[in-house]
């Protein structure tokens, strides 16, 4: 008793025998198409549109594998059927090889052109982005300068302060007067370098009503520095008065010698001697 055939071998023999009869083979194909459409209607066969990205990727891998196997089998069959190549077919093969070489060369040239164009576009995009950021920063600085150069008017400040509140006309006028006065004082203090006008604001009345901190915030005045500057200026004034008194002719006399001089801070002066002692 012989060895039984495999199922795959039996199916292959059946299909080969079926293809020998065109009528039976056409009926077989028709039944196969009807069976495919019926399974498709019952959703037994999933279409590409219904697949997920992962399922579609796996399906394409399967299709490529089957196509590769089909081409390999066909190449083996053609190798068995086709007789050995005669010498006359060598020019045709060389022409085919030359055509493939030119095709690969053209593909490579086109790909290089695309890469160069892509690189040029990316460079232009970076330059445009850099210019955009630069002009954006300029606009922000210009808007900031505009806001700093054009502050709110006293009436606008009062309206913002009283937003949503109902007050009398007298209160509103008082606030407008306050803002006008503070704006004018701030302008004068910015232009005037003398500290005396600043000392006018830092007085006992402001200390009594706890307004010193608000004055510092409004006008940028620092009381401690003003005291130190005032003390320094008083000391300088006293020293100048003492110097002028001692250089008077009734308080001192000039030395007679030509070399009786003294130099301080690159200033040369004749020595003077007191006519009386400073002790009492």
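Numbering (UniProt numbering), first residue to last: 1 to 280. The C-beta atom is built at its ideal place from N, Cα and C for all residues, glycine as well. Nothing here was measured: the structure is a model prediction, and the numbers come from that model.
Helix, strand or coil for residue i per DSSP?
{"i": "residue 10", "result": "helix"}
{"i": "residue 260", "result": "coil"}
{"i": "residue 94", "result": "helix"}
{"i": "residue 200", "result": "helix"}
{"i": "residue 215", "result": "helix"}
{"i": "residue 107", "result": "helix"}
{"i": "residue 45", "result": "coil"}
{"i": "residue 167", "result": "coil"}
{"i": "residue 272", "result": "strand"}
{"i": "residue 35", "result": "helix"}
{"i": "residue 233", "result": "helix"}
{"i": "residue 71", "result": "helix"}
{"i": "residue 186", "result": "helix"}
{"i": "residue 248", "result": "coil"}
{"i": "residue 19", "result": "helix"}
{"i": "residue 277", "result": "coil"}
Distance check for residue j and residue i, CA to CA, integer angstroms please.
{"i": "residue 51", "j": "residue 68", "result": "23 Å"}
{"i": "residue 229", "j": "residue 247", "result": "27 Å"}
{"i": "residue 274", "j": "residue 266", "result": "24 Å"}
{"i": "residue 126", "j": "residue 158", "result": "48 Å"}
{"i": "residue 45", "j": "residue 32", "result": "14 Å"}
{"i": "residue 12", "j": "residue 113", "result": "51 Å"}
{"i": "residue 255", "j": "residue 233", "result": "32 Å"}
{"i": "residue 156", "j": "residue 170", "result": "17 Å"}
{"i": "residue 120", "j": "residue 217", "result": "55 Å"}
{"i": "residue 160", "j": "residue 122", "result": "49 Å"}
{"i": "residue 72", "j": "residue 103", "result": "24 Å"}
{"i": "residue 117", "j": "residue 63", "result": "35 Å"}
{"i": "residue 143", "j": "residue 154", "result": "21 Å"}
{"i": "residue 124", "j": "residue 141", "result": "26 Å"}
{"i": "residue 105", "j": "residue 55", "result": "36 Å"}
{"i": "residue 177", "j": "residue 251", "result": "57 Å"}
{"i": "residue 276", "j": "residue 239", "result": "20 Å"}
{"i": "residue 41", "j": "residue 47", "result": "11 Å"}
{"i": "residue 188", "j": "residue 220", "result": "12 Å"}
{"i": "residue 192", "j": "residue 249", "result": "39 Å"}
{"i": "residue 98", "j": "residue 130", "result": "48 Å"}
{"i": "residue 108", "j": "residue 60", "result": "26 Å"}
{"i": "residue 263", "j": "residue 279", "result": "27 Å"}
{"i": "residue 76", "j": "residue 70", "result": "10 Å"}
{"i": "residue 35", "j": "residue 43", "result": "12 Å"}
{"i": "residue 259", "j": "residue 241", "result": "27 Å"}
{"i": "residue 175", "j": "residue 202", "result": "21 Å"}
{"i": "residue 15", "j": "residue 6", "result": "14 Å"}
{"i": "residue 8", "j": "residue 115", "result": "50 Å"}
{"i": "residue 27", "j": "residue 79", "result": "32 Å"}
Here's a check: name, in chain order, each residue in its chain whose Cβ is nearer than 7 Å to the Cβ of residue i, leaving out the five neighbours to either side.
{"i": "residue 206", "result": "212 and 215"}
{"i": "residue 204", "result": "none"}
{"i": "residue 261", "result": "268, 269, 270 and 271"}
{"i": "residue 237", "result": "none"}
Spatial neighbours of residue i within its chain, please: C-beta separation below 6 Å, excluding the five flanking residues on both sides.
{"i": "residue 25", "result": "18 and 19"}
Leaving aside the five residues before and after residue i along the sequence, list all residues of the same chain whose C-beta is less than 8 Å from its C-beta, in chain order.
{"i": "residue 152", "result": "160"}
Stretch-stretch touch, CB-based, cutoff 8 Å, three pairs: the stretch 177-191 with the stretch 129-149: No, the stretch 177-191 is not in contact with the stretch 129-149.
Report the residue ranges of all beta strand (DSSP E) runs contained in full by the stretch 109-149; include only those spanning at least 3 residues, in chain order. Correct list: empty.
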